[in-house]
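Numbering-wise (our numbering), the sequence shown opens with residue 5 and increments by one.
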Amino acid sequence: AEDFAWQVPGLRHELVVALIKSLPKPLRVKLVPAPDTATALLARLSPREEHLLPALSRECRALRGVVVPVEEWGLDRVPSHLRPTYRVVTDDGAVLGEGKDLSALQVQLAAPVQAAISSVAADLEATGQATWTFGEVPEQVTAGQVVGWPALVDEGSTVGVRVLPSAAEAAASHALGVRRLLLLGAPSPVKAVSGRLSNSAKLALARNPHGSLPALMQDCVACAVDALVGAQPRDEAAFAAVLAAVRAGLVDELAKVLRHVEQVLSVAGEVQAQLVGLTHPAAAGAVRDVRAQLESLVHSGFVAQTGAVRLPDAARYLRGAQLRLEKLPREAERDAGLQRRVAEVEAEWARLPASPGRARLRWTLQELRVSLFAQTLKAKGPVSEQRVFRAIDDLAASR
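Right under this line is the structure:
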């Protein structure tokens, strides 16, 4: 749909001028005169090779240093003749719906689309299962031109199969459903691993945000199971192979996860103690920022959400926060400047819709914090504000 927003060449300049005029005044005044800015922006763009609105945002930042969030462009507020008309037709050419507002058209047609998916899904969908009874779960099903994506769904104490409306939603659901089925099929490793824990480890693990040690253990077991799953199984034989690997490796993997979680919780406790001790008004902004960072990294469910591979990184990010707070009393002004830069990048990231790419970029933001506030720890790979902005633009353009 975004490709249609480029309009035909004869109307493209008029469209960009109208889009600039649609911006809120604080942004609009930085891009006047609108016709000249539109000409300069279009000279830097490759029509239809990328999505229009994210491309305009990127070039406004590059050309004028103006940060324009994608959602501020008022495509719905430009004159009607500059907006495309969307028409949905059947295989035989019958018009199902038509309009200028694609979102409204999608809502209008959602019920018949879901009905078409449900008609195909009738033989696939299931509920209340504790073992793999589904045969083969295809990655995609079609009904005419309607596409659905079958996936396992986690029902809490059982697992089902549903046909979902997007590939991304199905992939996320299927992974959780597979995890639940593996947890139902593998013996709990908690008792075996708990006996190996030192008293200091038990003390560190007890200071968790989950509310109890059993709740933390449940989170850690889920993380360990995820670490042992390679390709997501789509049939009974593939699932049986994954289950065998989980049964064989779960005790050792859980022990490894717990060692990393112990480190994370220990450093988190030290950061929390530092925050309590920083009471000077000049430190208030940094204290709020680090507390928010701490809560984003260490919360109920953080272990499985972070994943086994990323847990050592989480501890490093918290050590970076420690170093930042240690320097704060003598570098408050510098810290405030760096924080403003991070806040600008994070605000752009926060506007992205939920997606696997957005989730991955969250870790790049943490690496950016390390590179700015704790250079001695060294960020993993090259990272800069410009690189993150480009990654945000790329994600926005891929929607």
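Ideal Cβ placement from N, Cα and C applies to all residues, glycine included.
Query raised in the report: In chain order, what residues of the same chain lie with their CB nearer than 7 Å to the CB of G140, ignoring the 5 residues before and after it?
Result: Your numbering for residue 140 matches position 136 in the sequence shown. It should be noted that the sequence gives Glu, not Gly, for residue 140. Around E140: R238 and D239.
Query raised in the report: beta strand (DSSP E) containing R166: first to last residue?
Result: The residue given as residue 166 occupies position 162 in the sequence shown. Segment V163 to L168, the beta strand (DSSP E) holding R166.
Requested in this report: Would you verify that the beta carbon of V268 is, or is not, closer than 8 Å to some beta carbon of chain B?
Outcome: Given the protein chain composition of this structure (a single chain), no chain B is represented.
Report task. Check the DSSP bridge columns for T146 and list the partner residues they point to. Result -> Indexing the sequence shown from 1 puts residue 146 at position 142. Answer is V151, bridged to T146.
Report task. Would you give the residue range spanned by the alpha helix (DSSP H) that T41 belongs to? Result -> Here residue 41 refers to the residue found at position 37 when the sequence shown is read from its first residue. Counting along the chain, the alpha helix (DSSP H) containing T41 begins and ends at A38 to A47.
Query raised in the report: From this set, G289, W367, Q309 and P58, which residue's C-alpha is nearest R338's C-alpha?
Result: Within the sequence shown, residue 338 is the residue found at index 334, counting from 1. With distances taken between Cα atoms, R338 lies closest to G289.
Query raised in the report: When you compare only the Cα positions, how much space is there between A172 and G132?
Result: By one-based count along the sequence shown, residue 172 stands at place 168. By one-based count along the sequence shown, residue 132 stands at place 128. Approximately 23 Å between the Cα atoms of the pair.
Report task. Spell out the partners DSSP gives V157 in its beta bridges. Result -> In the sequence shown, counting from the first residue as 1, residue 157 sits at position 153. V157 pairs with G164.
Query raised in the report: Going straight from the alpha carbon of L180 to that of L332, what length do you get?
Result: As a position in the sequence shown, residue 180 is number 176, starting the count at 1. As a position in the sequence shown, residue 332 is number 328, starting the count at 1. Taking the straight line from one Cα to the other gives about 41 Å.
Query - Limits of the alpha helix (DSSP H) - the one that T89 falls within - result: Position 85 of the sequence shown, counting from 1, holds the residue named residue 89. No alpha helix (DSSP H) contains T89, which DSSP labels as neither H nor E.
Query raised in the report: If you pair each beta-carbon of the region 70 to 81 with each one of the region 15 to 34, do three or more pairs fall below 8 Å?
Result: yes
Query raised in the report: Three or more C-beta pairs closer than 8 Å, one from the region 45 to 64 and one from the region 17 to 28: is that the case here?
Result: yes
Requested in this report: For S202, count neighbouring C-beta atoms within 10 Å of its own C-beta (all shown protein chains included) and say buried if the count is 16 or more, exposed if not.
Outcome: Numbered from 1 along the sequence shown, position 198 holds the residue referred to as residue 202. That one is exposed.
Requested in this report: Use the C-beta contact count for A235: other C-beta atoms within 10 angstroms, 16 or more gives buried, fewer gives exposed.
Outcome: Walking along the sequence shown from the start, residue 235 turns up at place 231. The residue is exposed, with fewer than 16 neighbouring Cβ atoms inside 10 Å.
Query - Delimiting residues of the beta strand (DSSP E) encompassing G181 - result: Within the sequence shown, numbered from 1, the residue matching residue 181 stands at position 177. Note, G181: premise wrong, no beta strand (DSSP E); alpha helix (DSSP H) at A171 to G189.
Query raised in the report: In this structure, does DSSP put G385 in helix, strand or coil?
Result: Counting from one through the sequence shown, the residue named residue 385 turns up at place 381. The answer is coil: DSSP assigns G385 none of H, G, I, E or B.
Query - CA nearest to the CA of P88, picked from G78, T43, R65 and V12 - result: Against the sequence shown, residue 88 aligns to sequence position 84. For P88, the nearest C-alpha among the options comes from V12.
Query raised in the report: Less than 7 Å between the CB of V387 and some heavy atom of the ligand MN, yes or no?
Result: Although the ligand MN was asked about, the structure shown includes no ligands whatsoever.
Query - Reduced DSSP secondary structure (H/G/I, E/B, other) of Q267 - result: Sequence index remark: in the sequence shown, residue 267 carries index 263 (1-based). In the structure shown, Q267 sits in a helix (DSSP, three-state: H, G or I).
Query raised in the report: Who does Q133 pair with in a DSSP beta bridge?
Result: Taking the first residue of the sequence shown as 1, we reach residue 133 at position 129. Answer is V163.
Query raised in the report: Among the residues of its own chain, which have a CB less than 7 Å from the CB of T41, if the five just before and after it don't count?
Result: Numbered from 1 along the sequence shown, position 37 holds the residue referred to as residue 41. Around T41: I24 and L35.
Report task. Report the rounded CA-to-CA distance for V229 versus V250, giving the unit in angstroms. Result -> In the sequence shown, counting from the first residue as 1, residue 229 sits at position 225. In the sequence shown, counting from the first residue as 1, residue 250 sits at position 246. So the two alpha carbons sit approximately 6 Å from each other.
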